[in-house]
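Before any comments, here is the structure.
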Amino acid sequence: MQLVERHIIQRNHPHYQEIDQLCFAAKNLYNYANFHIRQNFILAQKYLDYNCLAKQLKSTEPYQALPGKVSQQVLLGLHRNWLSFFAAIKAYTADRSKFLGRPKLPKYKHKEKGRHLLVYTQQAVSKPKMKAGVIHLSQTQIYIPTKVEYVHLNQV
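Counted from 1, the sequence shown has number 21 at position 22 by numbering that gives the first Met the number 0; the numbering is strictly sequential.
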């Protein structure tokens, strides 16, 4: 059984603005990476996997706008979306009756309103602060009280 501790950050929360900016930066990285994958897929009929993409984007501004571990998680999420697309195409080819139409490429997030999920792994959280009962997300001023021990933390 996996236990979950949930914290809801509403608009009036002191950390909302910073989290919103981070989610916006994650959306920018998602769209930037998706553009590279789509162009390569459409023009060269070749998929840029996670490893190639991470190497190409490591020195770019959208990648560096977030902590490295968080940027990796954004790219992994996009990679999973593309793998789902390929699985859907394969299933569509095998049996078209299960679908209303041909599966489409993963889409971009909205330019202004779009946000993307932030995933902080255990490595992107301050270990000394966790021992004090507080989650401190790396390279931010975000501190969240918690009852979870560091060894049991999977992701934030």
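Glycine included, each C-beta is placed from N, C-alpha and C at the ideal position. Small disclaimer: the values here were computed from a predicted structure and weren't measured.
Rounded straight-line distance, which links the Cα of residue j to that of residue i
i, j, result
"residue 18", "residue 123", "15 angstroms"
"residue 36", "residue 72", "16 angstroms"
"residue 131", "residue 121", "15 angstroms"
"residue 119", "residue 138", "11 angstroms"
"residue 82", "residue 117", "20 angstroms"
"residue 148", "residue 125", "12 angstroms"
"residue 94", "residue 88", "10 angstroms"
"residue 45", "residue 38", "9 angstroms"
Nearest candidate by alpha-carbon position, reference residue i, set the options
i, options, result
"residue 65", "7, 81, 20, 103", "20"
"residue 129", "104, 118, 9, 155", "155"
"residue 70", "127, 26, 4", "26"
"residue 34", "86, 126, 106, 147", "106"
"residue 78", "89, 125, 67, 50", "50"
"residue 80", "47, 96, 97", "47"
Span of the alpha helix (DSSP H), counted from its first residue to its last, around residue i
i, result
"residue 41", "15-43"
"residue 78", "67-93"
"residue 60", "60-63"
"residue 50", "49-56"
"residue 105", "Looking at the DSSP string, residue 105 is not in any alpha helix (DSSP H), and its letter there is neither H nor E."
Environment of residue i [buried if 16+ CB atoms lie within 10 Å]
i, result
"residue 6", "exposed"
"residue 115", "buried"
"residue 12", "exposed"
"residue 15", "exposed"
"residue 86", "exposed"
"residue 30", "buried"
"residue 32", "buried"
"residue 134", "buried"
"residue 42", "exposed"
"residue 28", "buried"
"residue 90", "exposed"
Boundaries (first-last residue) of the beta strand (DSSP E) holding residue i
i, result
"residue 142", "142-144"
Taking one C-beta from the stretch 110-118 and one from the stretch 138-148 each time, how about it: are there three or more such pairs within less than 8 angstroms?
With a cut-off of 8 angstroms, the stretch 138-148 and the stretch 110-118 do not count as touching, because too few Cβ pairs lie within range.
For the stretch 50-63 and the stretch 84-101, state whether three or more C-beta atom pairs, one from each stretch, are separated by less than 8 angstroms.
Per the Cβ contact rule, the stretch 50-63 is not in contact with the stretch 84-101 (fewer than 3 Cβ pairs under 8 angstroms).
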